[in-house]
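Engineer:
Residue numbers (mature numbering (1 follows the signal peptide of the UniProt record, and there is no 0)): -20 to -1, 1 to 969.
#1: Name the two residues that bound the continuous alpha helix (DSSP H) containing residue 417.
#2: Check whether the Cβ atoms of residue 632 and residue 735 sit closer than 8 Å, and answer yes or no.
#3: With a 10 Å radius around its C-beta and 16 neighbouring C-beta atoms as the bar for buried, classify residue 583 as buried or exposed.
#4: For residue 233 versus residue 290, is the C-beta distance shorter than 8 Å?
#5: Under 8 Å: do the stretch 719 to 726 and the stretch 386 to 397 share three or more Cβ pairs, one atom per stretch?
#6: Distance, Cα to Cα, residue 381 vs residue 510?
#7: Quick one: using the 10 Å Cβ neighbour count with 16 as the cut-off for buried, is residue 117 buried or exposed?
#8: For a minimum of 4 consecutive residues, which ranges assigned as the alpha helix (DSSP H) are wholly contained in the stretch 597 to 679?
#9: Quick check: the Cα distance between residue 692 and residue 39, rounded to an integer number of angstroms?
#10: Leaving out the 5 sequence neighbours to the left and right, which residues in its chain are closer than 8 Å to residue 250 when beta-carbon positions are compared?
#11: When burial is assigned at 16 or more other CB atoms within 10 Å of the CB, is residue 695 buried or exposed?
#12: Tell me whether residue 620 is buried or exposed, calling it buried when 16 or more other Cβ atoms sit within 10 Å of its Cβ.
#13: When the Cα atoms are used, what is the spatial distance from residue 564 to residue 800?
#14: Exposed or buried, which one is residue 912 when buried takes at least 16 other CB atoms within 10 Å?
#15: Measure the alpha-carbon distance for residue 100 versus residue 351 and round it to whole angstroms.
#16: Could you give the first and the last residue of the continuous alpha helix (DSSP H) run that contains residue 550?
#17: What is the DSSP secondary structure of residue 810, counted as helix, strand or coil?
#18: Identify the continuous beta strand (DSSP E) that holds residue 451 and give its terminal residues.
#19: Tell me whether the beta-carbon of residue 553 lies closer than 8 Å to the beta-carbon of residue 437.
#20: Using only the alpha-carbon positions, how far apart do residue 589 and residue 271 sit?
#21: I want to know whether the stretch 209 to 224 touches the stretch 525 to 535 - three or more CB-CB distances under 8 Å.
#22: Taking 8 Å as the threshold, find out whether the stretch 425 to 432 comes into contact with the stretch 673 to 692 through three or more Cβ pairs.
#23: Once you ignore the five residues that flank residue 701 on each side, which residues in its own chain have a CB closer than 7 Å to its CB?
#24: When every heavy atom of the ligand HEM is checked, does at least one fall within less than 7 Å of the C-beta of residue 146?
#25: Using alpha carbons as the reference points, say which of 778, 580, 54 and 671 lies closest to residue 388.
#26: With distance defined between alpha-carbon atoms, name the residue in 451, 370, 325 and 36 nearest to residue 414.
#27: Alpha carbon to alpha carbon, how far is residue 606 from residue 126?
#28: In angstroms with no decimal places, state the Cα-to-Cα distance between residue 106 and residue 45.
#29: As a quick exercise: from 630, 753 and 890, pick the residue whose alpha carbon is nearest that of residue 834.
#30: If you pair each beta-carbon of the stretch 4 to 22 with each one of the stretch 260 to 277, do three or more pairs fall below 8 Å?
#31: Give the DSSP-derived three-state secondary structure of residue 789 in the structure shown.
#32: Whose CA, out of 925, 462, 82 and 745, lies closest to the CA of residue 764?
#33: For residue 327, which of 296, 447, 448 and 157 has the nearest alpha-carbon?
#34: Please report how far the alpha carbon of residue 873 lies from the alpha carbon of residue 346, in whole angstroms.
#35: Per DSSP, residue 297 is paired with what?
#36: List the DSSP bridge partners of residue 235.
And the structure:
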């Protein structure tokens, strides 16, 4: 959020739909010198058609192939500048990922080459089994179904699978690394005056202009090489031009996804070529965009330069490790078959990772091995978060909690925005409104709840603020171009910014969060372990800066300009804050730190949200697409603010938004300071009861969400998954982004985002499978070609299906907060598939600490199978221990959730602590006939008959299922079997 004057306060009180982004605050491509240059290059290439040839070539005589691993280096020449040297390096990692690096060699200056070091969890291992072979025209490496070919002249890198091109770099000849050069002063033109025979002066003769031999490639003029104006600001460019242009083509993939964050469709629309959807490229430049549009290529708060390309044959991806502002054009040279992208970055080296797939799951694992997985969050953080700008006092917080309890509405977290802090000096409580912050937090924590308090990166420049004073004295602040402390304007007024690239900031920032007095300066003693953190404004947002951000010629640690690291900046502040919260207790507790700005790798440090959205139906709908886009780019712990930050949503909209929110990984309601209070208990009936039931559904399904997060934390596969991820060969679903699956649970969600809707169209995947309405248990049969069905969607109905062959563990008892559910019993819903089978998982640990990293967890698999013929069939539902059969699958050793099979003990301390937790109900959907008996078998205890009820209906495997048919239901009442023990329920038909 940011202050924009009285006009915005008026707008905030108006009906939704009256908002508009201040587009004049932000550049278009035509207003950005390096983007203009890059697009002009592309236009010249298009005009030249087949005559266009890249000036870059690999010098084969310089080729040096490593004998020890799958890497090589070579010199690269440019026919534009024969005296400028470039170096190329290719590496093939153990998992088949290809890294392509190119940098200027012995240049006048050093290009920024540290972006990857911030994103990667470690330097990847280069394969020792794969070998490069050099020929007359190229150098190749073949491994499995994959082959990498590097062509010498012109330079081109191609990744192939089974001889079919997957990714091509510089296939269109748009590679251009602007080399460093000295600034040439313009020559003064001498006037040549000629007199006639009578001494009369004739006109001045101008000399013939010099022909620029490089104009075909670089253009006729030097465009914004050394400085650039935008509105009232001038960006000095002491290093001169240093942009990087690169075309990346996916010749056999018609859909591309990713490069968040943008408010647009999941399958990214075109920005160039014939009849483009947008005329502006997608921009990656972290920015505080006030009242952002719900359909735009404008940059927003975060940037992840990762793009997936998908077809029915394969999924591949590229990760472009660049930290500077980047513009990306997308076109389809062969509609329905191929995709061409053009990446234009302001600075940095070429450092691109080619992820070969060939499945979505493979791509997620490959990216996770590079940048890490989503940290396993604290269990409570998956509950409901209640926030607004601002709860105004300690008593306000207490009264809000009281109202939630009086209405029996669950909530886990209460949030405080900037008004808690005296003069917006973070860590310093405003004692007029919050005289007892520790007592207030303890009152909230008494019912298992937490507080989240905002800490922004701008520090008020005043001697009365010890945090700023210490940072200034220790030289920990960003500098301006003249080497003095950078000064800008933000919530605190005159402010300076922590330079998180400075290693000295790490220990100093950790010290600020200590809960006891420190010998090394200020520490936040008026806090508790139940206070967690919200990092806002970390793009960084600066009210009086160009594009509401920091001047690009500002200087960070190491002498790097802000332009080099802009998109990485927000991640580092998030990283440091997460580390500080982690280290404030011994033993450490899992931190919750929400960030607005992010980069590749931010998933390791916590959650993100989609920023200051508007209370409109369009923003509700696009928020789903944005969460999906962030999820496939690694940021799995994502959500959009329920109700919209701006505006006063009508009750119908608010109800629908809560129904969206409960199926978002991060689930928070938030609102602007000038909106009407809209806590759920303030709604009139029937809206209040509908929202209450909606919130309770989230809490019932917390075991499903936590199990999905465990999977994400070890595999990289997202928590919420678009259709193409789960059904990568179903071409009808490649553009679907208004419905999704939750983890591997089998839940298929289609949120309603249209006013007045009473039904919803849901696409069922191309498979022979039955789907059950989660609430009514009505059946719907998909087909091998996929199909659409219509589900009822009155205001109190959520279109939610459970795929056959799934088993869903839930906790059905209503509680005020999630920690109070820790010992509650489970209900198992067994949704039999067409073959009478079903499977599901449940992962549990203490939810707060790190004991799970040493094996203190419970991981169970529930399996249903049908044996025998129809009349004498037997359905067996078993509870198995996954710890001994599937442990050790971790992708990121720095975030190990599982331990090896050799060390895992199923009787670990945590398992013992919940050994009394039982299954209190089993619901079996789709049995073929009424059971003759239902018994439980427990090893060492024999078998016993169970109490059950039967409802007649259709069977899961019935070929005559009609959409909406009533399914057969078996309810097994309280089998009294432990969740941590081996057992089987046997249904004799």
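We put the CB at the ideal spot given by N, CA and C, even for glycine.
Structural biologist: Answer, in terms of the structure:
#1: 417 to 425
#2: yes
#3: buried
#4: yes
#5: no
#6: 15 Å
#7: exposed
#8: 597 to 612 and 631 to 641
#9: 43 Å
#10: 256, 257, 258, 310, 311 and 312
#11: buried
#12: buried
#13: 25 Å
#14: exposed
#15: 4 Å
#16: 542 to 563
#17: strand
#18: Where residue 451 is concerned, there is no enclosing beta strand (DSSP E), although the alpha helix (DSSP H) it sits in stretches over 446 to 453.
#19: yes
#20: 15 Å
#21: yes
#22: no
#23: 720 and 721
#24: Among the ligands in the structure shown, none appear at all, so the ligand HEM cannot be discussed.
#25: 671
#26: 370
#27: 32 Å
#28: 13 Å
#29: 890
#30: yes
#31: strand
#32: 745
#33: 157
#34: Legend: pLDDT at residue 873 = 35, less than 50; position of this residue unreliable, value from coordinates given subsequently. Approximately 14 Å, taken between the alpha carbons.
#35: 288 and 335
#36: 290
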